[in-house]
Amino acid sequence: VKDEGRGTVRFFEAAMDEQLQARRRIEHELSGAIPRGELQLYYQPIVNGRTGEIETFEALIRWHHPERGCVPPAEFIPLAEQTDQIGRIGAWVLDTACATAAAWPQPWRVSVNVSPKQFRQPGFAAGVAAVLGRHGLPPGRLVLEITEGVFIQDAAMAVEVLTALRTLGVRLALDDFGTGYSSLSYLQRFKFDKIKVDQSFVRRLGQNADSLTIVRAITHLGHNLGLQVTVEGVETQEQLAVLRELGCDQMQGYLFARPTPVMGAMMTPISGSPD
Ligand code: C2E
Ligand code: CA
Ligand code: CA
Ligand code: CA
């Protein structure tokens with residue numbers, strides 16, 4: 533039994549070693565991804581909940597790995613956050629998204645995800661101002677999507693940065709709303725322009741009566757606080773019907789369009805748009 537136990541320990545050690553090595557390799561490969569041109573932004577439309585017209589495109593990063601193909605952000609953004617690579621990657625995302633959006637038709641906005649670590653870097657708001665200036669993008673056409681993670685550690689500092697961004701004229705969205713521990717308390721600390729209801733609630737609409745109650749409550753709460761409410765992960769006509777009924781301001785999901793790298797594909801009429 534003793535020997536068997538030792539064998540098991542050795543087995544786990546070997547497995548952990550392998551994991552660690554795989555991680556180090558990805559970390560190393562990721563550090564060269566920008567210079568090698570392997571990172572790309574895809575864009576997914578966010579449409580008006582009443583008219584179905586496109587209002588914004590959310591920029592979503594992809595990594596085209598030479599061997600592993602298209603790597604989704606869930607597989608490398610957390611790693612980039614743990615190491616110090618998120619600063620460079622985040623700066624690349626912001627710069628690329630603003631440069632791209634500056635060439636779009638006037639009313640369209642671009643929504644950019646900002647990781648908490650990137651947000652907390654000194655000079656973040658000044659950096660945003662510089663990027664907008666460099667590309668001549670009016671601040672009102674940039675939406676920054678942040679999560680409640682920015683408030684952890686130093687909430688007062690987060691409010692200061694948010695206020696600086698607001699002063700610039702940038703729009704601010706609280707992403708993944710309803711998944712954290714204290715989303716509600718953060719609505720009291722800073723007046724966002726909009727909240728994005730986490731897609732886990734939308735996914736269960738129609739299967740679970742409680743999800744409907746929750747999405748309705750979040751929508752009412754947002755509206756009563758004077759915020760716009762965006763729902764993401766809309767995949768079916770049934771979900772669309774319910775969400776329209778609830779009066780959600782904006783919708784995003786595969787029903788309208790998947791994220792795509794190509795502008796032309798986004799110009800085609802959107803199926804599933806209300807009437
Ligand atoms: P998120 O900000 O909540 O983005 C929405 C995610 O939902 C995207 O996944 C999008 O492709 C996906 N999605 C949109 N519509 C539907 C739908 O109808 N059904 C389903 N099942 N999914 C849908 P993606 O692109 O894989 O991104 C995952 C997460 O990675 C994002 O979640 C965001 O947290 C992070 N991320 C993506 N790009 C960036 C970036 O440039 N910077 C940072 N810091 N994070 C990013
Ligand atoms: Ca987002
Ligand atoms: Ca989200
Ligand atoms: Ca997310």
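If you read the sequence shown in UniProt numbering, its first letter stands for residue 533, the second for the next number, and so on. Ideal Cβ positions, reconstructed from N, Cα and C, are used throughout, including at glycine.
If you reduce the DSSP assignment to three classes, tell me which class residue i lands in.
i: ASP627; result: helix
i: ASP742; result: helix
i: residue 506; result: Nothing about residue 506 can be reported from this structure: the residues present for the chain run from 533 to 807 only.
i: VAL747; result: helix
i: GLN643; result: Looking at the sequence shown, residue 643 is not Gln but Ser. DSSP places SER643 in strand when its eight states are reduced to three.
i: PRO648; result: helix
i: GLU599; result: coil
i: ILE678; result: strand
i: LEU706; result: strand
i: THR615; result: coil
i: GLY610; result: Before going on, a small fix: residue 610 reads as Pro here, not Gly. Three-state result, PRO610: helix.
i: LEU669; result: coil
i: THR711; result: coil
Would you decide whether residue i is buried or exposed? Buried here means 16 or more other CB atoms lie within 10 Å of its CB.
i: ALA789; result: buried
i: GLN769; result: exposed
i: SER643; result: buried
i: PRO577; result: buried
i: PRO801; result: Unreliable positioning characterises PRO801 in this predicted model, as indicated by a pLDDT of 43, which lies under 50. The coordinate reading is nonetheless provided below. Under this definition PRO801 is an exposed residue.
i: VAL603; result: buried
i: VAL541; result: exposed
i: ALA633; result: buried
i: GLN771; result: buried
i: MET783; result: buried
i: PHE656; result: buried
i: GLU590; result: buried
i: GLU599; result: exposed
i: TYR786; result: exposed
Can you find a C-beta in chain D that's less than 9 Å from the C-beta of residue i?
i: MET783; result: No chain D is part of this structure, which consists of one protein chain only.
Run the Cβ filter for me: residues under 5 Å from any heavy atom of ligand 1, listed in the order they occur in the chain. LEU592, ILE593, PRO604, PRO605, ILE609, VAL625, ASN645, SER647, GLY765, GLU767, GLY785, TYR786, PRO791
Whether or not the segment 648 to 661 and the segment 556 to 571 are in contact is what I'm after, with contact meaning three or more pairs of Cβ atoms, one per stretch, closer than 8 Å; do they touch? no
Pair every Cβ in the segment 730 to 740 with every Cβ in the segment 679 to 697, then say whether three or more of these pairs are closer than 8 Å. no
Tell me whether the segment 622 to 639 and the segment 577 to 594 touch, counting them as touching only if at least three CB pairs, one residue from each stretch, are closer than 8 Å. yes
The segment 607 to 616 contacting the segment 660 to 675, beta-carbon criterion three pairs below 8 Å: no
Report the start-end ranges of each beta strand (DSSP E) in the segment 715 to 739 that is 3 residues or longer and not cut off at the edges. 726 to 729
Which full runs of the beta strand (DSSP E) of 3+ residues lie inside the segment 750 to 801, going along the chain? For the segment 750 to 801, whole beta strand (DSSP E) runs of length 3 or above, ordered along the chain, are 760 to 764, 782 to 784.
Considering only residues of the segment 536 to 597, which uninterrupted beta strand (DSSP E) runs meet the minimum length of 3 residues and lie entirely inside it, listed in chain order? Counting only runs of 3 or more, we get 571 to 580, 586 to 597.
Would you call the segment 734 to 743 and the segment 710 to 723 in contact, with 3 or more CB pairs under 8 Å? no
contact_flag[the segment 712 to 728, the segment 673 to 690] where n(CB pairs < 8 Å) is 3 or more: yes
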